[in-house]
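Taking it in order: structure first as structure tokens, then the write-up.
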Amino acid sequence: STAMLDPALTAEILLDLKNLGMSIAIDDFGVGHSSLNYLKRFPIDTLKIDQSFVKDITRGGSDGAIVSAVIAMGKALNIRVIAEGVETQEQLNFLKEHGCYEFQGYLFSRPMAANALTEMIHTASPGAYTHRYARMIHTAAATADH
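Numbering (my numbering), first residue to last: 7 to 152.
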């Protein structure tokens, strides 16, 4: 993608962003233009495994092996790994068994507006609404707007 048009400039910009305290993530890892080369060239903090791999991890095909390998690679490179598209308890169990402990997907919640998230937090954990949650909600709302 755009990052590979000028990898040296991209690496420099990403390093500047990291130095400002930002984290760098590769979304939808394994599809499109995301590649192992990104891990070598760029200061990556997080890999988000694309849901197309997570979908069939419990069916015994290559997806399970690929996801397991990405999790192991993330650990070896000290890169955080998040699995996208977790919809079943079986998928969650597989991911945990292979060392992935961060997830996104309908098993946890469908996408929601920032105000609905605020209400969910208040309802699920009265008194737990903190500055941290407020910042998370603000970030989610800003992301949803773009």
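Quick reminder that beta carbons are idealized off the backbone N, C-alpha and C, glycines included.
Since the model is a prediction, treat every value here as computed from it, not as a measurement.
Among the options, the one whose alpha carbon lies nearest that of residue i
{"i": "Pro13", "options": "Leu45, Ala122, Leu26 and Asp34", "result": "Leu45"}
{"i": "Glu108", "options": "Ala89, Lys61 and Asp62", "result": "Ala89"}
{"i": "Met193", "options": "Gly66, Gln57 and Ser41", "result": "It is not possible to answer for residue 193, since the shown part of the chain is limited to 7 through 152."}
{"i": "Glu103", "options": "Gly91, Ala120, Ala75 and Asn121", "result": "Ala75"}
{"i": "Phe35", "options": "Ala120, Val92, Val87 and Leu11", "result": "Val87"}
{"i": "Val92", "options": "Gly66, Lys61, Asn43 and Met28", "result": "Lys61"}
Cutoff 8 angstroms; reference residue i; Cβ partners in own chain excluding five residues on either side
{"i": "Met126", "result": "Ser115 and Met118"}
{"i": "Ile30", "result": "Leu20, Leu23, Lys24, Phe48, Pro49, Ile50, Asp51 and Thr52"}
{"i": "Ala17", "result": "Arg47, Phe48 and Pro49"}
{"i": "Lys81", "result": "Val87 and Gly105"}
{"i": "Arg65", "result": "none"}
Beta-carbon proximity list for residue i, same chain, < 7 angstroms, skipping 5 on both sides
{"i": "Asn84", "result": "none"}
{"i": "Ile63", "result": "Asp69, Gly70, Val73, Gln97 and Phe100"}
{"i": "Thr129", "result": "none"}
{"i": "Ser58", "result": "Val37"}
{"i": "Asp56", "result": "Asp34, Phe35, Gly36, Val37 and Glu90"}
Cβ distance (whole Å) where residue i is taken to contact residue j below 8 angstroms
{"i": "Ile77", "j": "Gly111", "result": "Not a contact, Cβ separation roughly 16 angstroms."}
{"i": "Thr94", "j": "Leu113", "result": "6 angstroms"}
Residue burial classification, residue i (beta-carbon count within 10 angstroms, cutoff 16)
{"i": "Lys54", "result": "buried"}
{"i": "Leu15", "result": "exposed"}
Residues that residue i bridges to, as DSSP identifies them
{"i": "Val87", "result": "Leu53"}
{"i": "Ala31", "result": "Thr52"}
{"i": "Phe109", "result": "Ala89"}
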